[in-house]
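Q:
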Amino acid sequence: MIGPDDAQVARRWRLVLGPAADDALGRPAGEEARLDHALGFLDEDGGGARSAGLGASGLMTSTEWINEVQSLFPRSVADRLVERAVEQHGIDDLVLDPEALAAVTPSQALLTAILRNRSLMSPAVLGAARTVVAKVVGELMERLAEPVRTPFAGVRDPRRPSRHRVAANFDPRATIRANLRNVDPATGQLVIRTPLFSSRVRRQADRWQVIVAVDQSGSMAGSVIHSAITAAIFHGLGTLRAHLVAFDTEVVDLTDQLADPVEVLLGVQLGGGTDIGRAVRYCASLVTEPRRAIVVVVSDFFEGGDPVVLRSAVRGLAESGATVLALAALDEDGRVGVDENEARELARLGAHVGAMTPDQLAQWVAEVVDGVRPSGPPQAAP
119 MIGPDDAQVA RRWRLVLGPA ADDALGRPAG EEARLDHALG FLDEDGGGAR SAGLGASGLM
179 TSTEWINEVQ SLFPRSVADR LVERAVEQHG IDDLVLDPEA LAAVTPSQAL LTAILRNRSL
239 MSPAVLGAAR TVVAKVVGEL MERLAEPVRT PFAGVRDPRR PSRHRVAANF DPRATIRANL
299 RNVDPATGQL VIRTPLFSSR VRRQADRWQV IVAVDQSGSM AGSVIHSAIT AAIFHGLGTL
359 RAHLVAFDTE VVDLTDQLAD PVEVLLGVQL GGGTDIGRAV RYCASLVTEP RRAIVVVVSD
419 FFEGGDPVVL RSAVRGLAES GATVLALAAL DEDGRVGVDE NEARELARLG AHVGAMTPDQ
479 LAQWVAEVVD GVRPSGPPQA AP
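With the first letter of the sequence shown counted as 1, position 38 gets the number 156 in this note's numbering; the numbers rise by one all the way through.
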């Protein structure tokens with residue numbers, strides 16, 4: 119005999135397994151039927167028998183589905199379901215509906231969908247989308263600003279004491295030596311009565327150029343977002359001449375917008391072909407002092423243009439004394455998806471090849487500026 123607990127477990131398994139389990143576990147009813155209907159869109163095929171059928175031809179619009187999910191689940195769960203729907207199925211009508219944009223929690227997945235569909239947006243939708251973009255960019259800037267800036271803060275000089283009492287300047291060794299006589303007789307522990315701080319020697323980055331060129335193809339969405347944020351932070355340092363170039367088969371120089379990363383991202387358009395060689399040649403034209411220039415090319419290196427042009431441009435930059443960094447990814451995961459044959463060829467021609475997170479890129483750039491030429495970035499391609 120099946121008890122109430124067993125029946126509850128069976129109902130939960132039915133929600134997990136979907137319609138394929140109807141014969142064994144029964145069809146859901148009432149509130150559970152609503153749950154099943156809302157979860158249907160997240161099936162792998164995005165439109166099977168269980169699908170909620172989002173879109174103009176289905177049973178619910180994106181806005182209706184979001185409202186349904188938010189009424190059925192706690193906010194944290196609902197936000198994750200919407201983000202997953204955006205990641206897996208696009209839900210393009212969501213980012214073209216100002217009411218839907220206002221209802222959903224901003225996320226990087228939603229930002230990617232906005233960038234993918236920006237050219238289709240009416241002025242009213244673009245206004246709502248701008249609010250979402252600003253929210254996500256603000257969160258990313260807040261999270262990444264300190265780790266990206268830190269390598270350029272300078273190095274502590276223990277020979278030069280400082281009255282600037284901040285944690286980054288704290289000198290633990292000097293502090294311990296200065297307080298060795300201050301021991302609590304009851305506990306035997308050292309008592310710090312006079313904390314000491316060191317000055318910092320600013321890195322000599324004033325004359326260095328960092329040119330970031332990022333591939334706008336659809337698979338590079340995460341790297342496009344993080345390239346824009348990282349370049350904006352570089353620009354804000356005031357000690358580097360930062361440039362940002364976005365490319366597909368055309369090249370768009372976004373440098374003059376770096377003070378406003380929201381405008382930068384609204385200026386890119388994901389998708390389209392790829393002509394990496396053309397972009398690298400453009401970057402080479404921006405270089406003023408090759409030995410004080412770092413050209414960062416972010417792409418999967420599946421070249422849609424002439425690979426001979428790409429290789430010639432990379433070789434020319436390397437031979438001129440510029441530092442060339444070819445990144446298969448620039449995001450917080452540093453995940454790699456790259457044409458390994460092309461990556462090996464670029465490495466042979468003098469480029470450093472790999473994948474990085476934004477803070478790793480900042481550390482790498484700072485080491486180059488300090489005259490330390492890294493042997494290769496993290497996760498270097500074979």
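The beta-carbon is built from N, C-alpha and C at its ideal position, and this holds for glycine as well.
Keep in mind the model is a prediction, meaning the values are calculated, not measured.
1. Please go through the same chain and pick out, in chain order, the residues whose beta-carbon is closer than 6 angstroms to the beta-carbon of Ala350, but skip the five residues on each side of it.
2. Runs of 4 residues minimum, wholly inside the region 344 to 424: which ones carry the alpha helix (DSSP H) assignment?
3. Per DSSP, what are the beta-bridge partners of Met474 in this structure?
4. Can the beta-carbon of Ala292 be found closer than 8 angstroms to that of Leu314?
5. Give me the Cβ distance between Val363 and Leu372, rounded to the nearest whole Å; I'm assuming they're in contact under 8 angstroms.
6. In this structure, does DSSP put Phe270 in helix, strand or coil?
7. What would DSSP say about Gln226, mapped onto helix, strand or coil?
8. Expressed to the nearest angstrom, what Euclidean distance is found between the alpha-carbon atoms of Glu485 and Phe352?
9. Please look up how many angstroms separate the CB atoms of Val440 and Ala480, rounded, as I've assumed it's under 8 angstroms.
10. Quick one: what's got a C-beta closer than 6 angstroms to Tyr400's C-beta in the same chain, skipping five residues either side?
11. Can you tell me where the alpha helix (DSSP H) with Ile294 in it begins and where it stops?
12. I'd like the list of long-range same chain contacts for Leu238, defined as Cβ closer than 7 angstroms, with 5 residues on each side in sequence excluded.
13. Less than 8 angstroms separating the beta-carbons of Ala473 and Leu445?
14. Give the range of the beta strand (DSSP E) segment to which Ala331 is assigned.
15. Does DSSP put Leu314 in a helix, in a strand, or in coil?
16. Roughly how many angstroms separate the alpha carbons of Ala111 and Glu217, rounded to a whole number?
A: Taking the structure as given:
1. Leu376, Pro379
2. 379 to 384, 394 to 404
3. Leu448
4. yes
5. 7 angstroms
6. helix
7. helix
8. 15 angstroms
9. The identity of residue 440 in the sequence shown is Ala, whereas the question assumes Val. Contact flag wrong, Cβ pair sits at about 19 angstroms.
10. Val369
11. 290 to 296
12. Leu214
13. yes
14. 326 to 333
15. coil
16. No information on residue 111 is available, as it lies outside the stretch 119 to 500 that the chain covers here.
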